[in-house]
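Going down the list, the sequences are from chains U and P.
Taking the numbering used here, I'd label the letters of the first sequence as residues 31 to 238.
Taking the numbering used here, I'd label the letters of the second sequence as residues 2 to 79.
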Amino acid sequence: MARMKFLCDAERCIECNGCVTACKNEHEVPWGVNRRRVVTINDGVVGAEKSISVACMHCSDAPCMAVCPVDCFYKTADGVVLHDKDLCIGCGYCFYACPFGAPQFPQAGAFGLRGKMDKCTFCAGGPEPDRSEAEFKKYGRNRLAEGKLPACAEMCSTKALLGGDGDVIADIYRERVLRRGKGSEVWGWGTAYGPGKPGAQPPTGAKS
Amino acid sequence: MKRALALLGATLALGACMEIEQESAKKEVGKTVKSDTAAWSNEPIAGGPKWTKGDRNSWEDQIKKRQLAQHEHKRIYQ
Chain U
31 MARMKFLCDA
41 ERCIECNGCV
51 TACKNEHEVP
61 WGVNRRRVVT
71 INDGVVGAEK
81 SISVACMHCS
91 DAPCMAVCPV
101 DCFYKTADGV
111 VLHDKDLCIG
121 CGYCFYACPF
131 GAPQFPQAGA
141 FGLRGKMDKC
151 TFCAGGPEPD
161 RSEAEFKKYG
171 RNRLAEGKLP
181 ACAEMCSTKA
191 LLGGDGDVIA
201 DIYRERVLRR
211 GKGSEVWGWG
221 TAYGPGKPGA
231 QPPTGAKS
Chain P
2 MKRALALLGA
12 TLALGACMEI
22 EQESAKKEVG
32 KTVKSDTAAW
42 SNEPIAGGPK
52 WTKGDRNSWE
62 DQIKKRQLAQ
72 HEHKRIYQ
């Protein structure tokens, strides 16, 4: 059984925010709601700056599911954590429970009104009929039902962000790290992309 | 007789002091929403990835190919 996961390679992420833009565009996410964002540490420090793209991680044992008082969360057969906006009461418990800050609450009204929770759906929509207008309005596009992967991962230009079955993307990442042959203390294009075949050297004149 | 009536009256009167046992229904997390359909139960879109409607294995096969397309070592330096 597939367990859909995201994996972000901090060696490769260049903080271009392409994933954020792809997500916003694909699902027509309103202002103030960020299903995905890029987090950077040591900003501007040469060699120490690292970025990763963060959204809902579709936890195997999701804390948001455990704390929801109306039990609006559910998990699909692919391991994607989704929720039903018709049941959500916008209490915000999931926001406090989530270690990634994934749940978002639109604040469109007066007096700090907190609307129903919105979060990354792994481009899998919601409980409405797949690929329907109702599903798109509430949850965005259902790319999995179109046989596609999440837009953020497929749009990532450096392939820092991988999306798909946990085993498959872990294998991709493992092979990538083995080809690099180095830890995270070394940085640069050559480090992130490796010399190609194991043991081979980068092309002459290439920046490392 | 009087004693029995008094006992009955006291029982009924004190009955109001009882607390009815309250126990919430056991919450089964992730069981409330039951209406979502599986991705493979849809007809493939025209011009998009192909799989057999309702066949989970064929959907997983094509999505796995798409996942492996993220592995750029297959495309560069080869």
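In this text, a Cβ means the ideal position worked out from N, Cα and C, and glycines have one as well.
Who are the near neighbours of Q79(P) in its chain, counting only those whose CB is closer than 8 Å to its CB and skipping five residues on each side?
Annotation note: pLDDT 41 at Q79(P) (below 50); position unreliable, coordinate value reported separately. Annotation for Q79(P): no residue places its beta carbon closer than 8 Å to its own, counting only its chain and skipping 5 residues before and after.
DSSP three-state call for C94(U): helix, strand or coil?
It is helical.
For A236(U), does the count of other Cβ atoms within 10 angstroms reach 16, so buried, or fall short, so exposed?
With a pLDDT of 47 at A236(U), under the threshold of 50, the predicted position of this residue should be treated as unreliable, though the coordinate-derived value follows. With fewer than 16 Cβ atoms within 10 Å of its Cβ, A236(U) is classed as exposed.
Measure the alpha-carbon distance for R161(U) versus S83(U) and round it to whole angstroms.
Answer to the nearest angstrom: the Cα atoms are 26 Å apart.
Is F135(U) helix, strand or coil when you go by DSSP?
In the structure shown, the three-state DSSP call for F135(U) is coil.
For E45(U), collect the residues of the same chain with a Cβ closer than 7 Å to its Cβ; drop the 5 residues on either side in sequence, then sort them by chain order.
For E45(U), where only same-chain residues beyond five positions count, the Cβ hits under 7 Å are V68, T70 and S81.
Based on Cα-Cα distance, which residue from F152(U), A127(U), P129(U) and L191(U) lies nearest to E41(U)?
It is L191(U) whose Cα lies nearest to the Cα of E41(U).
Check this for me: beta carbons of G145(U) and F135(U), under 8 Å apart or not?
At a Cβ-Cβ threshold of 8 Å, G145(U) and F135(U) count as neighbours.
In whole angstroms, what separates the C-alpha of E44(P) from that of P159(U)?
Between E44(P) and P159(U), the C-alpha separation is close to 13 Å.
Would K35(U) pass as a contact of P50(P) if the rule is Cβ separation under 8 Å?
It is not a contact, given that the beta carbons lie outside the stated cut-off.
Go ahead and pull the three-state DSSP assignment for D201(U).
For D201(U), the secondary structure class from DSSP, reduced to helix, strand or coil, is helix.
With a 10 Å radius around its C-beta and 16 neighbouring C-beta atoms as the bar for buried, classify E165(U) as buried or exposed.
Per the 10 Å Cβ criterion, buried.
Using a Cβ-Cβ cut-off of 8 Å, state whether I202(U) counts as contacting chain P.
At a cut-off of 8 Å between C-beta atoms, I202(U) counts as an interface residue with respect to chain P.
Express the C-alpha separation of M147(U) and G243(U) in angstroms, rounding to a whole number.
Here chain U has residues from 31 to 238 only, and residue 243(U) is not among them.
Interface positions of the region 27-60 of chain P facing chain U (Cβ-Cβ less than 9 Å), listed along the chain:
When C-beta distances to chain U are compared with 9 Å, the residues of the region 27-60 of chain P below that value are K28, E29, V30, G31, K32, T33, V34, K35, S36, D37, T38, A39, A40, W41, S42, N43, P45, I46, G49, P50, K51, W52, R57 and W60, in chain order.
What are the boundary residues of the alpha helix (DSSP H) that M185(U) is part of?
From DSSP, the alpha helix (DSSP H) with M185(U) extends over A181 to M185.
Measuring only between beta-carbons, confirm whether C43(U) sits less than 8 Å from chain P.
Taking Cβ atoms only, chain P never reaches closer than 8 Å to C43(U), which makes this a no.
Minimum Cβ-Cβ distance from P157(U) to chain P less than 8 Å
With its beta carbon less than 8 Å from one in chain P, P157(U) belongs to the interface.
So is W52(P) buried or exposed if we call it buried at 16+ other beta carbons inside 10 Å?
Classification of W52(P): buried, given that the 10 Å Cβ count is 16 or more.
Cβ-Cβ distance between S23(P) and K189(U) below 8 Å:
Just to set this straight, residue 23(P) is Gln in the shown sequence, not Ser. K189(U) sits away from Q23(P), with the two beta carbons spaced by 8 Å or more.
Using CA coordinates, which residue listed in D91(U), D114(U) and K115(U) is at the minimum distance from A127(U)?
Closest in alpha carbon position to A127(U), among D91(U), D114(U) and K115(U), is D91(U).
Considering K3(P), what are the terminal residues of the alpha helix (DSSP H) in which it resides?
Segment K3 to G16, the alpha helix (DSSP H) holding K3(P).
Secondary structure, beta strand (DSSP E): runs of 3+ residues fully inside the region 52-76 of chain U
Counting whole runs of 3 or more residues, the region 52-76 of chain U contains the beta strand (DSSP E) stretches 67-71.
Can you find the residues in the same chain that come closer than 8 Å, C-beta to C-beta, to R173(U), ignoring five residues on each side of it along the sequence?
If you ignore the 5 residues before and after R173(U), its C-beta comes within less than 8 Å of the C-beta of E56, C153, A154, L179, P180 and A181, all in its own chain and listed in chain order.
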